[in-house]
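Residue numbers (this note's numbering): 2 to 354.
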Amino acid sequence: METTEPRQVSVIEPIGAAIEKTREILFKPFDIGKWFAIGFCAWLAALGEGGGGGGNGNFNFNTGNRSSGGCGDPQQQIHHLKEAIITHLPVIISIGIIIFVVIVVLSLVFMWLRSRGQFMFLHCVAENKGEVVLPWKQYAPQANSLFLFRAVLWGIGLVLSLALVVPLILIIISFAETNFKVFAAAGVIPAIFIVLGLILMGIIFGVIKTVVHDFVVPLMYLNGCTVTDGFKRFWALCRPNFGTFFLFLLFLIVVNLVVGMIALAVVLAACCMCCIGIIFMLPYIGTVAMLPLIVWRRAYSAIFLSQFGPEYNVFYAKTQTVAADIAEIPPVGPMPPITEGGDLPPQPPEQNF
Numbered sequence: 002m003e004t005t006e007p008r009q010v011s012v013i014e015p016i017g018a019a020i021e022k023t024r025e026i027l028f029k030p031f032d033i034g035k036w037f038a039i040g041f042c043a044w045l046a047a048l049g050e051g052g053g054g055g056g057n058g059n060f061n062f063n064t065g066n067r068s069s070g071g072c073g074d075p076q077q078q079i080h081h082l083k084e085a086i087i088t089h090l091p092v093i094i095s096i097g098i099i100i101f102v103v104i105v106v107l108s109l110v111f112m113w114l115r116s117r118g119q120f121m122f123l124h125c126v127a128e129n130k131g132e133v134v135l136p137w138k139q140y141a142p143q144a145n146s147l148f149l150f151r152a153v154l155w156g157i158g159l160v161l162s163l164a165l166v167v168p169l170i171l172i173i174i175s176f177a178e179t180n181f182k183v184f185a186a187a188g189v190i191p192a193i194f195i196v197l198g199l200i201l202m203g204i205i206f207g208v209i210k211t212v213v214h215d216f217v218v219p220l221m222y223l224n225g226c227t228v229t230d231g232f233k234r235f236w237a238l239c240r241p242n243f244g245t246f247f248l249f250l251l252f253l254i255v256v257n258l259v260v261g262m263i264a265l266a267v268v269l270a271a272c273c274m275c276c277i278g279i280i281f282m283l284p285y286i287g288t289v290a291m292l293p294l295i296v297w298r299r300a301y302s303a304i305f306l307s308q309f310g311p312e313y314n315v316f317y318a319k320t321q322t323v324a325a326d327i328a329e330i331p332p333v334g335p336m337p338p339i340t341e342g343g344d345l346p347p348q349p350p351e352q353n354f
């Protein structure tokens with residue numbers, strides 16, 4: 002459906018509505034089995050998305066080493082390191098290929114499971130149910146479409162990252178082999194542009210990830226469509242309301258920061274109670290323990306989207322489906338009177354409800 006007129010929506014009002022929705026789902030009434038089922042779906046929806054890896058680029062080049070530890074000149078150490086790499090190059094390449102293949106396979110498997118979990122978790126929040134098997138099967142086509150999109154996007158991101166990181170590593174190595182003046186003349190400006198390129202790429206991919214999670218997945222859930230159609234529906238809605246969605250993305254930075262601080266405070270408080278803190282470190286159990294924050298975050302963006310009309314409301318869709326099913330049941334008329342002969346009139350065929 003094309004949306005041609007901008008809507009007046011709020012990024013603040015969904016906060017309270019999402020809190021109430023979280024209370025309704027998790028505490029009215031409290032059901033531990035439901036908690037663990039929804040927690041499993043939430044854990045699956047974020048599988049493999051832990052803290053940022055990539056190592057810490059803390060290079061300590063101490064050219065003025067005064068200690069007598071026998072470390073030698075840094076350039077001489079780099080020369081010996083190069084010789085060792087060249088000597089064992091076949092083994093290093095073989096191990097590197099194996100590690101790369103394992104990482105790719107695990108990343109794709111986690112990505113596939115995560116795509117399923119996105120729809121399973123949204124189903125649990127939208128319908129206020131702790132179900133696993135039903136949404137796993139019901140939203141398989143949409144999840145597979147989302148997985149293919151993520152796999153292509155992940156491949157593009159990997160190629161772009163390598164295209165930027167490899168030159169940056171070569172610049173760093175040249176810095177280690179030359180003096181600072183030579184490096185400053187030839188390497189500083191390219192290194193700055195590469196770092197800026199990595200930051201820009203991170204922002205772009207972060208925005209795409211947010212748009213998919215908060216808008217495209219709910220639109221696919223509502224319409225049973227592919228990820229391509231989901232993006233088309235989102236763009237039709239975003240184009241006349243671009244300022245509103247941009248404000249949402251900016252406000253989401255604050256929301257995620259506050260949610261992260263609350264989660265950190267809870268973990269630190271639990272750590273002060275000895276063994277209780279270990280619970281929050283366990284992947285699945287930690288998700289169950291932090292479920293109110295996770296459900297609130299999912300409900301917040303869904304309620305924000307619902308302000309654009311009932312066709313964008315994942316909570317309203319369930320009510321309408323039930324009402325439509327009830328409306329399809331033919332009404333049962335009053336029984337006709339018994340005839341004088343005492344015979345009962347022909348009965349209508351039995352209806353299966």
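Quick reminder that beta carbons are idealized off the backbone N, C-alpha and C, glycines included.
Rounded separation between residue i and residue j - CA only
| i | j | result |
| --- | --- | --- |
| L223 | L165 | 39 Å |
| S302 | A38 | 21 Å |
| F28 | Y317 | 21 Å |
| G34 | K130 | 11 Å |
| F305 | G198 | 32 Å |
| V256 | L171 | 39 Å |
| E14 | S307 | 12 Å |
| Y285 | Q143 | 24 Å |
| I16 | H89 | 58 Å |
| L283 | G207 | 26 Å |
| Q9 | L147 | 30 Å |
| V218 | L107 | 23 Å |
| N66 | I173 | Low confidence applies to N66: its pLDDT is 44, below 50, so where it sits in the model is not reliable enough to give any reading. |
| G203 | L161 | 11 Å |
| V102 | K210 | 24 Å |
| H124 | R115 | 14 Å |
| A1 | F247 | Summary: the structure shown does not reach residue 1, with the chain confined to residues 2 through 354, and so no result is reported for it. |
| I104 | P311 | 42 Å |
| A18 | I98 | 50 Å |
| F216 | F235 | 7 Å |
| F252 | E25 | 25 Å |
| W155 | G49 | 13 Å |
| I205 | G158 | 10 Å |
DSSP three-state assignment for residue i, whether helix, strand or coil
| i | result |
| --- | --- |
| A46 | helix |
| F309 | coil |
| D32 | coil |
| C226 | coil |
| I205 | helix |
| L269 | helix |
| S11 | coil |
| L283 | coil |
| M221 | helix |
| N257 | helix |
| N242 | helix |
| M291 | coil |
Heavy atom of the ligand FAD within 7 Å of residue i beta-carbon
| i | result |
| --- | --- |
| V189 | This structure lacks the ligand FAD; in fact it carries no ligand of any kind. |
Ranges of the alpha helix (DSSP H) found wholly within the region 90 to 176, counting only runs of at least 4: As far as the region 90 to 176 is concerned, its whole alpha helix (DSSP H) runs of at least 4 residues are 90 to 128, 134 to 139.
Are the region 243 to 250 and the region 259 to 268 touching, with three or more C-beta to C-beta distances below 8 Å? At 8 Å Cβ cutoff, the stretches do not touch.
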